[in-house]
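Numbering (our numbering), first residue to last: 57 to 179.
A quick write-up on the structure given underneath.
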């Protein structure tokens, strides 16, 4: 695995993120439903960047609005699925809806998580 130093430009420092998944509860009928609460499943450090115009256009054609991407070294220890919410720990007020994480090269060195900024979501 790649463990060498990473050169950062100003504003691209590693930031702390937490990942939460929506809580589901079963009803007396046996149906699963969302409880409008989130359960924290893990944390990681990554770089937050705005998505390029071609990435925004590509995801828009797939009916998924994308505004940012989070780049992290290695694969996370937990599974990130569409619908999970990522919170930027520093502000505590910036939330992102996630889409499928992308592993360029399939080697597990880097993970890119395309996400959409959601200011209307609160934990």
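Ideal Cβ placement from N, Cα and C applies to all residues, glycine included.
In this text the structure is predicted, and so the values were computed from the model without any measurement.
- Non-local beta-carbon contacts of residue 121 in its own chain, meaning distances under 6 Å to residues more than five positions away in sequence, involve 172 in chain order.
- Using a C-beta cut-off of 8 Å, the segment 106 to 115 makes no contact with the segment 132 to 142, since fewer than three inter-stretch Cβ pairs fall below that distance.
- If you look at residue 112, you'll find it in the alpha helix (DSSP H) that goes 109 to 117.
- Setting aside the 5 residues that flank it on each side, residue 100 is surrounded in the same chain by 73, 128 and 132, each with a C-beta closer than 6 Å to its C-beta; the list follows chain order.
- The continuous beta strand (DSSP E) containing residue 125 extends over residues 124 to 129.
- If you draw a 10 Å sphere on the C-beta of residue 159, you find fewer than 16 other C-beta atoms in it, and that means exposed.
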